[in-house]
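In what follows, a structure is listed as structure tokens, so that the remarks can point back to it.
Residue numbers (the numbering used here), protein chains in the order written: chain A, 1 to 396; chain B, 397 to 448.
Here it is, written out as structure tokens:
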């Protein structure tokens, strides 16, 4: 006899999106079970861990200083031939702090908050298959510590990441075309000297379709990583990152930790909802395609998913039309910016090294009001006709 | 498709791009079933761990 569990809402995957969804669902009065295939939430890290201040407001939880590895006051962009654009408080009127998180602590705390609110968390529990029962219930077959477990839920929130398995089992195609994924490797490193900046290096020989990043985590350690678009090159991400380690910038750098992962840089899924199912975070492709940043969007989409799922339980209505409100909510919140960033990313990928150098040179002549992507794009668009045409609709 | 498990870090990038969604990455292993040898996963792998 395999173990049987029942609940109102099953959350699969307890990254920041899943944990937030689970927390809001249980606060909305639903009985919530969450499963994660890992034994410990927060590891392994598959992320550069950078966020902006606004993420903490979205969480509606008092931020804990333990979540933050280091404050990073400015951004440094480096063009292919080495033009350095420092977006610091001399150039940006209202510069805001960026943060590099300690996701091992952050993710685990978000999961803990969900558990404190009443979520029943099952670790080392892996989604295997799913089916829709005749009575409308969603049945999930999972493996837990070497045993079969069956979970019946009124609805499912799929927060199982870039390689979502839950979506496809319930009829939502999630696979990503090669040109819309960033293939990433990251080394945590120490000893190379750090400024108070998030550094980003561009160029087709540096990181085709993406960039190399240095995100400081402490006085002397940083996440040094790369994302590339695999359809643009025959080499892999590790090849390019290892090449970057040969540059003078990385002199003296030594390894502390290795990570790898994939980041969707597509538009969001057309439908992030279906009968009795919602998708959040990377599984829904709600990621900023320009930077690859997905923590904030995962949290915000998770919040709306949790709320709507709990309302669906109260209304006893799990139909697609009812759940569509979830997508309307996240679209109202950040849909427009994701579309802008998607177009910007398309242009960025198409830019030659010379065009990138030109863009850097013209950015050096600009002053900025704030340090957000829209502001920066506006400034760059003024110097690049191709960009201006693409963004016309968005940059008013 | 074959996996060099000494290179694989179970990061799931291959599973995200597999058009038939036949790659499953568990907490401890990578399982490829019904492979058409299209080679897309090998190109996406950040570590060069997949080969024909």
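Where a beta carbon is used, it is the ideal one built from N, C-alpha and C, also for glycine. Being a predicted model, the structure only gives us computed values, none of them experimental.
For residue 83 of chain A, the three-state DSSP class (helix, strand or coil)
The answer is coil: DSSP assigns residue 83 of chain A none of H, G, I, E or B.
Who are residue 257 of chain A's beta bridge partners in DSSP?
Bridge partners of residue 257 of chain A: A:188.
Length at least 4, wholly inside the region 96-125 of chain A: the alpha helix (DSSP H) runs in chain order
103-117
Opening and closing residue of the alpha helix (DSSP H) in which residue 413 of chain B lies:
409-413
Report back the beta-carbon spacing between residue 76 of chain A and residue 86 of chain A to the nearest angstrom; my notes put them in contact at under 8 Å.
5 Å
Strictly below 7 Å CB to CB, what residues from chain A border residue 413 of chain B?
Result: 175, 176, 178 and 181.
Pick out whichever of A:341, A:161, A:144 and A:319 has its Cα sitting closest to the Cα of residue 4 of chain A.
Among A:341, A:161, A:144 and A:319, the Cα nearest to that of residue 4 of chain A is on A:144.
Three-state secondary structure (DSSP) of residue 90 of chain A:
Taken through DSSP and simplified to helix, strand or coil, residue 90 of chain A comes out as coil.
According to the neighbour-count rule (16 or more other Cβ atoms, all chains shown, within 10 Å of its Cβ), is residue 97 of chain A buried or exposed?
Exposed, by the Cβ-count rule.
Once the 5 residues before and after residue 58 of chain A are set aside, which same chain residues still bring their CB inside 8 Å of it?
296, 299, 300 and 303
Once you ignore the five residues that flank residue 421 of chain B on each side, which residues in its own chain have a CB closer than 6 Å to its CB?
406, 408 and 411.
So residue 159 of chain A and residue 280 of chain A are in contact, right, with Cβ under 8 Å, and what is the actual spacing, rounded?
5 Å
Please report how far the alpha carbon of residue 345 of chain A lies from the alpha carbon of residue 391 of chain A, in whole angstroms.
11 Å
Compare the beta carbon distance of residue 441 of chain B and residue 397 of chain B with 8 Å and say whether it is the shorter of the two.
Annotated as distal: residue 441 of chain B and residue 397 of chain B, with beta-carbon spacing of 8 Å or more.
Name the DSSP beta bridge partners of residue 216 of chain A, please?
Residue 216 of chain A pairs with A:222.
When you compare each of A:55, A:276 and A:240 to residue 134 of chain A by their alpha carbons, which one comes out closest?
A:276
So, does the CB of residue 306 of chain A fall closer than 8 Å to a CB anywhere in chain B?
no
Taking Cβ positions, are residue 215 of chain A and residue 100 of chain A nearer each other than 8 Å?
For the 8 Å CB-CB criterion, residue 215 of chain A and residue 100 of chain A form a contact.
Can you pull out the residues from the region 246-273 of chain A whose beta carbon lies closer than 8 Å to at least one beta carbon of chain B?
For the region 246-273 of chain A, which is checked against every Cβ of chain B, the residues closer than 8 Å are 258, 259, 260, 261, 262 and 264.
If I'm right that residue 253 of chain A touches residue 189 of chain A with Cβ under 8 Å, what's the distance once you round it to whole angstroms?
4 Å
Could you give the residue range of the beta strand (DSSP E) that holds residue 3 of chain A?
3-12
Spatial neighbours of residue 147 of chain A in its chain, beta-carbon cut-off 8 Å, leaving aside the 5 residues before and after:
2 and 3
Determine the direct distance from the alpha carbon of residue 7 of chain A to that of residue 200 of chain A, and round the result to whole angstroms.
About 45 Å.
Among A:140, A:334 and A:338, the one whose alpha carbon lies nearest that of residue 12 of chain A:
Closest option to residue 12 of chain A, Cα to Cα, is A:140.
Considering only the beta carbon of each residue, do residue 207 of chain A and residue 228 of chain A sit closer than 8 Å?
yes
Return no unless some Cβ of chain B is closer than 8 Å to the Cβ of residue 293 of chain A.
no
Just verifying my parser: in three-state terms, what is the DSSP assignment at residue 312 of chain A?
helix
Going straight from the alpha carbon of residue 381 of chain A to that of residue 349 of chain A, what length do you get?
15 Å
My understanding is that residue 289 of chain A touches residue 341 of chain A, with C-beta atoms under 8 Å, so please give their C-beta distance in whole angstroms.
5 Å
Could you tell me which chain B residues have their CB closer than 9 Å to the CB of residue 66 of chain A, listed as they occur along the chain?
The contacting residues do not exist; residue 66 of chain A stays about 26 Å from chain B at best.
Nearest neighbour of residue 131 of chain A, chosen from A:367, A:119 and A:151 [CA to CA]:
A:151
Consider the Cβ of residue 243 of chain A: report whether some Cβ of chain B lies at a distance smaller than 8 Å.
no
Looking at the strands, I want to know which residues DSSP matches up with residue 200 of chain A.
Checking the DSSP bridge columns, you'll see residue 200 of chain A partnered with A:77 and A:213.
In whole angstroms, what separates the C-alpha of residue 94 of chain A from that of residue 53 of chain A?
13 Å
Residue from A:374, A:250, A:61 and A:19 whose Cα sits closest to the Cα of residue 42 of chain A
A:19
Per-residue contacts from residue 407 of chain B into chain A (C-beta, under 7 Å):
46, 260, 261 and 262
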